[in-house]
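In the numbering used here, the protein residues as written are 160 to 383. As structure tokens, the structure follows; a few thoughts come after it.
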Amino acid sequence: MLNTKLEKGWSKYLKQEFDSPYMVELMKYLQQQQQLGKTIYPETNDIFNALSYTPFDQVKVVIIGQDPYHGPGQAHGLSFSVRPGIKTPPSLVNIYKEINREFKTPIAQTGCLIPWAKQGVLLLNTVLTVEANKAASHQKKGWELFTDKIVNVLNNNRKDLVFVLWGAFAQKKGANIDSSKHLILKSTHPSPLSAHRGFLGCGHFGKINKFLLKTGQKKINWQL
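So, in structure tokens, the structure goes:
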């Protein structure tokens, strides 16, 4: 069974979700998949890492991804991030290229984004689990409702956040964010299939820091 113990700030808003019918069904589904011998990523204790590394009151930036990486050793509960020592995935390579273009800093040699998460960057996937080697296999099982709730509680109970919506999938997820309270940044997805159509050159990382400083917050050090 999943360890659903959440950081206290998140727990205040999300604890009741675990008693809701959709979540009970989702937990049952994951348990059945494990009993069938299916390999699920990320590991059980890493599923809620985005909420663990970035407490509710410390969120400054929300970067929305899709579902976890489905290859061995990659996913560890943070969107776009992989474990230390794992090859940097193509979308993250393009993210690093944009950071390099904006700040002229060296390209990171690690794909692990924990330092961002610890500075207040919530690296939130829309779906929090996946079956090994089967992309999008856990979509429409209930995770979307849970992560909608996360976006909603941030939208309603915080102000001056930056929501980063790369690609149509993330933009749909963030469709109801209040732009009078928060900064919303949109572009194409950093995937090699679309990065050249708007992501590369978007200037989002500098815009994030400019907004954070303007609203009395500490900027993010994007250099890894």
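Backbone N, C-alpha and C fix where the C-beta goes; we use that ideal spot for every residue, glycine too. Since this is a predicted model, take the numbers as computed values, not measurements.
Buried versus exposed, by CB contacts within 10 Å (16 or more), Lys331:
Around the C-beta of Lys331, fewer than 16 other C-beta atoms lie within 10 Å, and the residue is accordingly described as exposed.
My output table needs one value for Leu342: the three-state DSSP class, helix, strand or coil.
DSSP places Leu342 in strand when its eight states are reduced to three.
Taking the continuous alpha helix (DSSP H) assigned at Val183, which residues delimit it?
Counting along the chain, the unbroken alpha helix (DSSP H) around Val183 starts and ends at 180–194.
Label Gln225 either buried or exposed according to how many other C-beta atoms from any shown protein chain fall within 10 Å of its C-beta, with 16 as the threshold for buried.
Of the other Cβ atoms in all chains shown, 16 or more fall within 10 Å of the Cβ of Gln225; this residue is therefore buried.
What is the DSSP secondary structure of Val312, counted as helix, strand or coil?
Helix, per DSSP.
Identify every run of the alpha helix (DSSP H) within the segment 199–268, keeping only runs that are complete inside it and at least 4 residues long; order them along the chain.
Within the segment 199–268, the complete alpha helix (DSSP H) runs of at least 4 residues are 208–212, 249–262.
Are Ser240 and Glu166 close, meaning C-beta to C-beta below 8 Å?
Not a contact, by the Cβ cut-off of 8 Å.
Can you tell me the Cα-Cα spacing of Gln193 and Tyr172, whole angstroms?
Cα to Cα, the separation comes out at about 28 Å.
Should Thr288 and Ile199 be called a contact, given that it needs their Cβ atoms to be closer than 8 Å?
Taking 8 Å as the Cβ cut-off, Thr288 and Ile199 qualify as a contacting pair.
DSSP-derived helix/strand/coil call for Leu320:
Coil, per DSSP.
Give me the residue from Gly360, Asn380, Asp319 with the minimum Cα distance to Leu371.
The candidate whose alpha carbon is nearest that of Leu371 is Asp319.
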